[in-house]
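Chains as they are written, first to last, in the numbering used here: chain C, 16 to 239; chain V, 16 to 239.
Everything below concerns the one structure shown next.
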DNA sequence: ACATTTATCTCGCTC
DNA sequence: GAGCGAGGTAAATGT
């Protein structure tokens with residue numbers, strides 16, 4: 016990664032054309048060749064940029080004359096940076112980033128809850144995640160301490176349509192004498208009052224998931 | 016603007032939860048307090064960030080111990096950065112940026128077409144741009160050579176929803192006896208075949224705009 | 001590979 | 001201030 020602080024003007028020509036008058040800015044050149052032009056405000060979006068894949072061509076410029084960067088993108092779009100005065104120019108090798116892990120999405124909540132079935136109550140045993148039915152997979156299917164089936168629907172935010180979805184599963188599953196009775200649990204980080212009322216009215220238990228707590232309890236990497 | 020190169024891990028807790036394992040990264044603190052965490056790849060989007068308005072609280076950490084930054088956003092969301100090793104930490108005052116000037120977006124197409132109504136046909140006269148209706152503004156309202164009203168919807172890329180939008184305007188406008196009959200023109204740099212079929216079926220004329228040509232023909236600043 | 005949907009969307013505008 | 005629509009949307013997901 017290369018960081019340049021410079022007084023520069025910038026022109027973009029691609030899907031649209033855009034121009035930045037001369038000012039002091041931060042230029043970032045990443046390892047993949049992408050270039051960002053940042054000002055000292057705004058938000059995370061650069062004033063202008065070029066996404067990878069692209070190629071940077073640098074014309075140093077005569078002493079006392081501005082240098083020019085020409086960045087050409089895959090589709091032929093160009094970012095032209097005219098550097099009038101370079102305050103600093105440093106490079107650093109950051110290596111490859113392990114990447115962002117987003118949590119709190121449905122898939123991760125399902126994974127966590129499947130490993131902590133005790134949150135549903137004592138003696139619960141997992142049958143399987145993504146239990147298939149003709150109208151879609153049940154997030155978690157398990158048995159309670161009495162051996163009766165429990166279908167769990169997991170949402171990040173529990174709203175009415177999630178309750179409807181679980182209701183459809185339960186209607187279907189309870190027609191199967193090998194499974195019935197199948198109980199329902201509606202689990203979410205946040206359950207809207209309307210959804211809670213509807214679920215309760217239909218005999219579906221609501222379970223609010225404490226994501227932070229679940230993540231803390233999640234088993235660490237052990238020796239085995 | 017402050018630039019920090021550091022080995023750090025990052026946790027975000029807000030609308031969602033996200034975690035970044037420890038790695039070398041670039042941290043940018045802008046004048047408005049916003050914080051960006053960039054890796055050496057990807058695109059212009061940071062791995063994680065906090066948008067302004069927000070407040071940065073810095074706990075320096077004991078010697079040999081990591082320091083911690085806690086950035087708190089307006090809605091209570093937090094970005095926690097644990098700095099294990101700081102490679103560099105520099106600040107620079109960039110001043111206020113004059114800002115970006117864009118061309119070739121929908122607004123500019125509208126401006127160009129309003130000045131070149133002959134592209135619609137001979138004898139067209141402009142009534143006004145952004146002609147207001149209760150369901151939103153019509154991009155261009157004009158009269159044709161017979162004095163009948165013509166509503167023009169302009170898109171950069173003409174797709175079906177743009178045709179639907181114009182259809183809603185036409186339905187409404189044609190209820191007004193002072194305006195009816197109002198004809199429709201769907202103008203775009205590129206019109207998808209499905210959109211063209213739908214528009215034609217509804218008696219809406221399609222017009223493909225050549226942006227570069229329109230820009231070339233646009234009258235230069237003349238003396239009078 | 002391509003189409004569709006989402007987003008801590010951002011940004012700019014109108015009411 | 002809330003609401004709406006565009007975006008060089010970008011990024012993720014499903015087919």
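The beta-carbon is built from N, C-alpha and C at its ideal position, and this holds for glycine as well.
| message | Count Cβ pairs between the segment 129-144 of chain C and the segment 47-56 of chain C that sit closer than 8 Å; are there 3 or more? | response | In short, these stretches do not touch, since the Cβ pair count stays below three.
| message | Extract the residue ranges of the beta strand (DSSP E) inside the segment 133-170 of chain C, only unbroken runs of 3 or more that lie entirely within it. | response | DSSP runs (the beta strand (DSSP E)) wholly in the segment 133-170 of chain C: 140-146, 153-158.
| task | Determine the direct distance from the alpha carbon of residue 126 (chain V) to that of residue 238 (chain V), and round the result to whole angstroms. | result | Position 223 of the second chain, counted from the first residue, corresponds to residue 238 (chain V). Position 111 of the second chain, counted from the first residue, corresponds to residue 126 (chain V). With a pLDDT of 36 at residue 238 (chain V), under the threshold of 50, the predicted position of this residue should be treated as unreliable, and no value is reported.
| field | Cβ-based contacts, 7 Å cut-off: residues of the segment 191-210 of chain C near chain V | value | The residues in question: there are none.
| request: State the CB to CB distance for the pair residue 109 (chain C) and residue 39 (chain V), rounded to an integer number of angstroms; the pair is presumed to be in contact (CB under 8 Å). | output: Within the first chain, residue 109 (chain C) is the residue found at index 94, counting from 1. Within the second chain, residue 39 (chain V) is the residue found at index 24, counting from 1. Confirmed, about 4 Å.
| said: One question on the structure: do residue 84 (chain V) and residue 98 (chain V) come within less than 8 Å of each other, judged by their Cβ atoms? | reply: For the purposes of this step, residue 84 (chain V) is taken as residue 69 along the second chain, with counting starting at 1. For the purposes of this step, residue 98 (chain V) is taken as residue 83 along the second chain, with counting starting at 1. Taking 8 Å as the cut-off, the Cβ atoms of residue 84 (chain V) and residue 98 (chain V) count as close.
| task | Taking only beta-carbon positions, decide if residue 21 (chain C) is within less than 8 Å of chain V. | result | Taking the first chain and counting its residues from 1, one reaches residue 21 (chain C) at position 6. Not one chain V Cβ lies under 8 Å of residue 21 (chain C).
| field | Where residue 235 (chain C) falls: helix, strand or coil (DSSP) | value | Numbered from its first residue, the first chain carries residue 235 (chain C) at position 220. Its pLDDT being 42, under 50, residue 235 (chain C) is placed unreliably by the model, and the measurement read from it follows with that caveat. Of the three classes helix, strand and coil, the one that applies to residue 235 (chain C) here is coil, per DSSP.
| said: Assuming residue 197 (chain C) and residue 188 (chain C) are in contact, meaning their beta carbons sit under 8 Å apart, how far apart are those beta carbons, in whole angstroms? | reply: The residue you call residue 197 (chain C) lines up with position 182 of the first chain. The residue you call residue 188 (chain C) lines up with position 173 of the first chain. About 4 Å; that satisfies the 8 Å criterion.
| task | Using a threshold of 8 Å, state whether the C-beta atoms of residue 121 (chain V) and residue 21 (chain V) are closer than that. | result | Here residue 121 (chain V) is taken as the residue at index 106 of the second chain, counted from 1. Here residue 21 (chain V) is taken as the residue at index 6 of the second chain, counted from 1. By the CB criterion at 8 Å, residue 121 (chain V) and residue 21 (chain V) fall outside the cutoff.
| task | In angstroms with no decimal places, state the Cα-to-Cα distance between residue 229 (chain C) and residue 128 (chain C). | result | As a working mapping, residue 229 (chain C) is identified with position 214 in the first chain. As a working mapping, residue 128 (chain C) is identified with position 113 in the first chain. The straight-line gap from Cα to Cα measures roughly 8 Å.
| query | Nearest to residue 34 (chain V) by CA position, among C:145, C:86, C:93, C:123, is which residue? | reply | Stepping through the second chain from its first residue, residue 34 (chain V) is reached at position 19. Of the candidates C:145, C:86, C:93, C:123, the one whose C-alpha sits nearest the C-alpha of residue 34 (chain V) is C:123.
| task | Mind checking who residue 50 (chain V) pairs with in its DSSP beta bridge? | result | Along the second chain, one-based indexing puts residue 50 (chain V) at 35. DSSP lists V:44, V:65 as the beta-bridge partner residues of residue 50 (chain V).
| request: Give the DSSP bridge partners of residue 28 (chain V), in chain order. | output: Reading the second chain from its first residue, position 13 is the one you call residue 28 (chain V). Residue 28 (chain V) pairs with V:32, V:93.
| task | Could you tell me which residues DSSP pairs with residue 21 (chain V) in its beta bridges? | result | Residue mapping note: residue 21 (chain V) aligns to position 6 of the second chain, counting from 1. According to DSSP, residue 21 (chain V) bridges with V:40, V:101.
| task | Pull out every residue of the segment 93-118 of chain V whose Cβ sits closer than 8 Å to any Cβ of chain C, in chain order. | result | Residues 102, 103, 105, 107, 108, 109, 110, 111, 112, 113, 114, 115, 116, 117, 118.
| Using 8 Å as the Cβ pair cut-off and three pairs as the minimum, do the segment 167-185 of chain V and the segment 203-222 of chain V touch? | Counting Cβ pairs under 8 Å, three or more are found: they touch.
| Going by the beta-carbon positions, is the gap between residue 159 (chain V) and residue 139 (chain V) smaller than 8 Å? | Taking the first residue of the second chain as 1, we reach residue 159 (chain V) at position 144. Taking the first residue of the second chain as 1, we reach residue 139 (chain V) at position 124. Yes, these two residues count as a Cβ contact at 8 Å.
| said: Does the CB of residue 86 (chain V) have a neighbour CB from chain C at under 8 Å? | reply: Taking the first residue of the second chain as 1, we reach residue 86 (chain V) at position 71. Under the 8 Å criterion on CB atoms, residue 86 (chain V) is classed as non-interfacial with respect to chain C.
| field | Cβ neighbour criterion (16 or more within 10 Å) applied to residue 195 (chain C) | value | What you label residue 195 (chain C) is simply residue 180 of the first chain in a count that begins at 1. With fewer than 16 neighbouring CB atoms inside 10 Å of its own CB, residue 195 (chain C) falls in the exposed class.
| field | Assigned exposure category for residue 32 (chain V) - 16 Cβ within 10 Å defines buried | value | Within the second chain, the letter at position 17 stands for residue 32 (chain V). Answer is buried; the Cβ neighbour count reaches 16.
| request: Using three-state DSSP, classify residue 214 (chain V) as helix, strand or coil. | output: The residue labelled residue 214 (chain V) in the question sits at position 199 within the second chain. Helix, per DSSP.
| query | Are residue 48 (chain V) and residue 23 (chain V) touching if we call contact CB-CB under 8 Å? | reply | For the purposes of this step, residue 48 (chain V) is taken as residue 33 along the second chain, with counting starting at 1. For the purposes of this step, residue 23 (chain V) is taken as residue 8 along the second chain, with counting starting at 1. Against a cut-off of 8 Å, the Cβ pair of residue 23 (chain V) and residue 48 (chain V) comes out as no contact.
| message | Please tell me whether residue 32 (chain V) has its Cβ less than 8 Å away from any Cβ of chain C. | response | Within the second chain, residue 32 (chain V) is the residue found at index 17, counting from 1. Look at residue 32 (chain V): its C-beta is under 8 Å from a C-beta on chain C.
| task | Give the interface partners of residue 61 (chain V) over in chain C, defined as CB-CB distance under 9 Å, in chain order. | result | The residue you call residue 61 (chain V) lines up with position 46 of the second chain. The answer, in chain order, is 59.
| Pick from C:184, C:74, C:165: whose alpha carbon is nearest that of residue 148 (chain C)? | Residue mapping note: residue 148 (chain C) aligns to position 133 of the first chain, counting from 1. Distance check between residue 148 (chain C) and each of C:184, C:74, C:165 places C:184 closest, using alpha-carbon atoms only.
| Which one of C:154, C:26, C:226, C:193 has the shortest CA to CA distance from residue 163 (chain C)? | Residue 163 (chain C) sits at position 148 when you count from the first residue of the first chain. When each option's Cα is compared against that of residue 163 (chain C), the closest is C:193.
| said: Classify residue 66 (chain C): buried if its beta carbon has 16 or more other beta carbons within 10 angstroms, exposed otherwise. | reply: Here the question's residue 66 (chain C) lines up with position 51 in the first chain. The residue is buried, with at least 16 neighbouring Cβ atoms inside 10 Å.
| message | Measuring only the C-alpha atoms, how far is residue 277 (chain V) from residue 29 (chain C)? | response | The structure shown does not extend to residue 277 (chain V), since chain V is modelled only from 16 to 239, so the question has no answer here.
| task | Rounded to whole angstroms, what's the CA-CA distance from residue 42 (chain V) to residue 76 (chain V)? Just pull it up for me. | result | What you label residue 42 (chain V) is simply residue 27 of the second chain in a count that begins at 1. What you label residue 76 (chain V) is simply residue 61 of the second chain in a count that begins at 1. Residue 42 (chain V) and residue 76 (chain V): Cα-Cα distance of roughly 17 Å.
| said: Taking CB distances under 8 Å as the criterion, tell me whether residue 36 (chain C) reaches chain V. | reply: In the first chain, residue 36 (chain C) corresponds to position 21, counting from 1. Closer than 8 Å to the CB of residue 36 (chain C) there is at least one CB belonging to chain V.
| query | Alpha carbon to alpha carbon, how far is residue 216 (chain V) from residue 224 (chain V)? | reply | In the second chain, the residue the question calls residue 216 (chain V) occupies position 201. In the second chain, the residue the question calls residue 224 (chain V) occupies position 209. Taking the straight line from one Cα to the other gives about 21 Å.
| Contacts of residue 67 (chain V) in chain C (Cβ-Cβ under 9 Å) | To locate residue 67 (chain V), count along the second chain from 1; it is residue 52. Per Cβ cutoff of 9 Å: 56, 57, 58.
| Shorter than 8 Å from the beta carbon of residue 40 (chain C) to some beta carbon of chain V? | Numbered from 1 along the first chain, position 25 holds the residue referred to as residue 40 (chain C). For residue 40 (chain C), the nearest CB of chain V lies under 8 Å from its own CB, placing it at the interface with that chain.
| Nonlocal neighbours in the same chain, by C-beta distance under 7 Å from residue 143 (chain C), ignoring five residues either side | Within the first chain, the letter at position 128 stands for residue 143 (chain C). These residues qualify, in order along the chain: 156.
| task | Step through the CB atoms of chain V and report whether any lies within less than 8 Å of the CB of residue 49 (chain C). | result | Numbered from its first residue, the first chain carries residue 49 (chain C) at position 34. Using a CB distance cut-off of 8 Å, residue 49 (chain C) counts as an interface residue toward chain V.
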